[in-house]
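Enquirer:
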Amino acid sequence: MKRSLPLAIVFIGGIIYFFAYFTPHYFSEYILQQKILVDWLKILGLFAFVIGLYSLIHLHATKIKRKVDNWQYSVMTLTGLTIMFIFGILVPEKFGGGIDQGSIYDWIFMNVQVPLQATMFSLLAFYITSAAFRAFKARSVEATCLLIAATIVMLGRVPLGESIRSATKGFLDFPLWTQWILDVPNMATKRAITFGVALGMIATSLKIMFGIERSWLGGSE
Amino acid sequence: MGFWSVLGTLVAAVFTLAIFSFLYKDNPFYKAAEHIMIGVSVGYGLAQLYHLGFKPYLWNPVFKEAQYELLIPAAIGMLYFGFLHPKTRWLIRIPIALFMGIGSGFSIAPSMQAAIYTQLQATIIPLWQHGLTFGEALSNILIVVGVFTAIIYFFFSWKHKGVIGGLAKAGIYFLMIGFGASFGLTVMGRISLLIGRVIFLFQDLPKVIIGIF
Amino acid sequence: MLKLFFKIMDLDRRWIFLMVAVIVTIPLFIPSNPPIVPDRPVQELYNFIDALPEGTPIMICFDYSPDSLAELNPMGRALVRHAFSKNLRVIGLALAWPAASGLGLEIISSSAEEYGKIEGVDWAYFGYKIGYSQIVIGMGKNIAQTVQEDHKGLSLNNMEMFKEIKNYDDIGIVIDLAAGGSLGLFVTYVNTMYNRPVSTGVTAVMAADYYPYLQSGQIIGMLNGLKGAADYEKLVNRKGLATRGMASQNWAHIMIIILIVLGNISFLLTKKQQSKQ
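Residue numbers (my numbering), protein chains in the order written: chain F, 1427 to 1647; chain W, 611 to 823; chain U, 6 to 282.
1. Quick one: what's got a C-beta closer than 6 angstroms to U:ILE176's C-beta in the same chain, skipping five residues either side?
2. Starting from the beta carbon of U:ALA83, find every residue of chain W whose beta carbon is closer than 8 angstroms, and list them in chain order.
3. Please classify U:TRP20 as buried or exposed, where buried requires at least 16 neighbouring CB atoms within 10 angstroms.
4. Distance, Cα to Cα, U:HIS258 vs U:PRO46?
5. Are any of the Cβ atoms in chain F nearer than 8 angstroms to that of U:VAL47?
6. So, does the CB of F:ARG1560 fall closer than 8 angstroms to a CB anywhere in chain U?
7. Kindly provide the ranges of any alpha helix (DSSP H) runs that are 4 or more residues long and lie completely inside the segment 667-692 of chain W, ordered along the chain.
8. Between U:PHE53 and U:GLY226, which are expected to be in contact by the criterion C-beta below 8 angstroms, what is the C-beta distance as a whole number of angstroms?
9. Taking only runs that begin and end inside the segment 180-245 of chain U, name each unbroken alpha helix (DSSP H) of 4 or more residues, in chain order.
10. Using 8 angstroms as the cut-off, can you tell me whether the segment 1441-1459 of chain F makes contact with the segment 650-666 of chain W, which would need three or more C-beta pairs spanning the two stretches below that distance?
11. Could you tell me how far apart the beta carbons of U:LEU100 and U:TYR137 are, in whole angstroms, since I believe they sit closer than 8 angstroms?
12. Measuring only between beta-carbons, confirm whether F:ASN1537 sits less than 8 angstroms from chain U.
13. So, at 6 angstroms on beta carbons, what are the nonlocal neighbours of U:GLY145 in its own chain, with the 5 sequence-adjacent residues on each side left out?
14. Tell me which residues share the same chain as U:PRO39 and place their Cβ nearer than 7 angstroms to its Cβ, disregarding the 5 neighbours each side in the sequence.
15. Please list, in chain order, the chain F residues whose beta carbon lies closer than 9 angstroms to that of W:ALA657.
16. Spell out a yes or no on whether the segment 1435-1445 of chain F and the segment 708-727 of chain W are touching, meaning 3 or more CB-CB pairs, one atom from each, closer than 8 angstroms.
17. May I ask you to verify whether the segment 780-792 of chain W touches the segment 1615-1625 of chain F, counting CB pairs closer than 8 angstroms and requiring at least 3?
18. For U:THR205 versus U:LEU188, is the C-beta distance shorter than 8 angstroms?
19. In chain order, what residues of the segment 781-798 of chain W put their CB closer than 8 angstroms to some CB of chain U?
20. So, is U:PRO217 buried or exposed, given that buried needs 16 or more other C-beta atoms within 10 angstroms?
21. Is the Cβ of F:THR1449 closer than 8 angstroms to any Cβ of chain B?
22. Compare the C-beta of W:ILE718 with all C-beta atoms of chain F and state if any pair is closer than 8 angstroms.
23. Just the C-alpha distance for W:LYS771 and U:LEU264, rounded to the nearest angstrom, thanks.
24. Please classify U:ASN229: is it buried, with 16 or more other beta-carbons within 10 angstroms of its beta-carbon, or exposed?
25. The alpha helix (DSSP H) that contains U:VAL95, what's its start and end?
26. List the endpoints of the continuous beta strand (DSSP E) containing U:PHE131.
27. Just the Cα atoms here: how many angstroms apart are F:LYS1491 and W:TRP700?
28. Just checking, does the segment 620-635 of chain W make contact with the segment 1535-1549 of chain F on the three C-beta pairs under 8 angstroms criterion?
29. Sorted by chain position, which residues of the same chain lie with C-beta nearer than 6 angstroms to U:GLN223's C-beta, five sequence neighbours on each side aside?
30. Can you confirm whether W:PHE632, when its beta carbon is compared against all beta carbons of chain U, has any partner nearer than 8 angstroms?
31. When you compare each of W:VAL652, W:ALA684, W:ILE702, W:ALA642 to F:ASN1496 by their alpha carbons, which one comes out closest?
32. Within 8 angstroms (strictly less), CB to CB, does F:ILE1441 reach chain W?
33. Quick one: what's got a C-beta closer than 6 angstroms to F:THR1488's C-beta in the same chain, skipping five residues either side?
34. Per DSSP, U:MET64 is paired with what?
35. For the segment 245-275 of chain U, list every residue whose C-beta sits within 8 angstroms of some C-beta in chain W, in sequence order.
36. Report yes or no: is there a C-beta of chain W within less than 8 angstroms of the C-beta of F:TYR1499?
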């Protein structure tokens, strides 16, 4: 029951919806596709979020309760979450609550979350430069191909490439070469990878539908 | 510029610098900023979900428009809460199974069409015909050869020896050029993200500070 | 001399970090007018939008979070400005990340204010909608039934705009501004299943992966990273954040190329020394 019921649902759901895609009948178009696939599944999605939320709260609450190292930071995480919850959901709009522009929630988003997230990812600029300096070496013919292509693209995507083109009267045309690299060899290899990924996804979908792939069930029971 | 706007810019600057402080070494300011970010972003998502998901999808249709059939997916969704107790943990497999079954079944045909048939069709291109310049014809030939040899490289059912080995080797060169292009663009992308923050710190923030005085 | 060179090569990485910060910052204080020539894919998207008849709605999906706003916000702003300047209507929503909800709203509402456009008539914003693929599939059948309410909780059925916009058939183009794999979904469903035009603006990191869709015609044009955004700003003749950042981008690339060259010289010299020994 614990395993066979979910496996049966996956199999029956998979088969029905595989054929629903090709069936232009009211039942398929309206009931299966609009009602169940769209209206029902998006409601299911709402509840899936709860698992993530619970895990986060549980993790940090446990850290605080057990006073593990750096537990004070967990207090900050939970405080941030609680403040957003209070102003976003509990406080009425006339007191600055709600999620509209101009609300306290929106102010915190724009002035706390946006700069924090944007800066966090901007750190990668420093690390990629350091990595390029230390590790981007022409150790073999293959690595040299990679290095030359990367250098051409780096030059062709910035105004310097345009300036060199003008200065050499089109002899060193990095923007054109960049476009060609992206359009031809890059496109060809990415297409080959797309085939592989798509076939892999379809094969996995079929394996899930037919119960061959069962890792999603988790646990042994 | 209003008080809240000025305060907001200053708060944003403090958090920006707290994150940048990590470049020197890990420190409590960075850790605090990182943890606040996690809490605030999850809280942001939660309120979005409540106002733009829960209310319009479930609450309003059921309680204002009497669409009681929507209680069925809500009941199935409640099974997610089964994971709170070891004995009922298996129940979360049911909503997941619905997602997986319906999602897998419905996506097979359009995925095949979008990522295989159409892509294959776009690879069947004229290698030489009237009206094509030499450069265009060469590019078309390289596209076909590139796709073919890169696929061969990923084909492990035959040993990469002889002709197959040669084709796979050619595939590696195409792949390396492709990865080089990706790397060049990755460098560009990462620098762009930094530029966004630098513009904020050195152009937008000074304007606000000057405005205060 | 060689020893000094190797010593320099062995610098603490924090010195490199400092160099990056300086190189990116200084160009912002030097007035310059870097040459920006729009790429072919950018021009293709611009031409397509430019040729849409007045009043046609375009849909922009903001599928990114603040991590990538430096690249994608300028694209969104330039696209919305172009649409409003051509009297096209704009529909915005966020599917992949809840945090995109506020970003997209800010772009559309501030641009609408600039062009005197009215919410509910000239533009609509749905905010973050959970469901992702279900929403993309559902909007092809019935937008109002799928999305139900806009970001303010107003029913789409009561909006002037949605009296004549039923599904993708009534929309000129669907543009996905993406920092993740969401474009695949739009190509699979909007383009393949519903046969409607799709385009995209993506972070530079991901752009190389989408050239197969560009060549096959499954997407119409593409904005690729900050350069793509700067190109579009040039085409709509409104310099924005992307154009402001291109000078810094220029110098940062030059520095990285020099560092790569130095790194390789050091590698070759070390190899030579090792073979001598």
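Every residue gets a Cβ at the ideal spot worked out from N, C-alpha and C, and that includes glycine. This one's a predicted model, so the numbers in the text were calculated from it and none came from an experiment.
Expert: With the given structure in hand:
1. PRO62, MET64
2. Result: empty, since nearest Cβ-Cβ is about 15 angstroms, beyond 8 angstroms.
3. exposed
4. 22 angstroms
5. no
6. yes
7. 670-673, 681-688
8. 6 angstroms
9. 187-190, 209-212, 216-220, 230-240
10. no
11. 5 angstroms
12. no
13. ASN172, TYR173, TYR199
14. MET251, ALA252, ASN255
15. MET1510, PHE1511, PHE1513, GLY1514, ILE1515, GLY1524, ILE1525, TYR1531
16. yes
17. yes
18. yes
19. GLY788, ALA791, SER792, LEU795, THR796, VAL797, MET798
20. buried
21. Of the chains in the structure shown, none is chain B; the protein chains are F, W and U.
22. yes
23. 38 angstroms
24. buried
25. From DSSP, U:VAL95 is part of no alpha helix (DSSP H) but of the beta strand (DSSP E) over 94-99.
26. 128-133
27. 28 angstroms
28. yes
29. VAL192, ASN196
30. no
31. W:ALA642
32. yes
33. none
34. U:ILE96, U:VAL179
35. LEU246, ARG249, GLY250, SER253, GLN254, ALA257, HIS258, ILE261
36. yes
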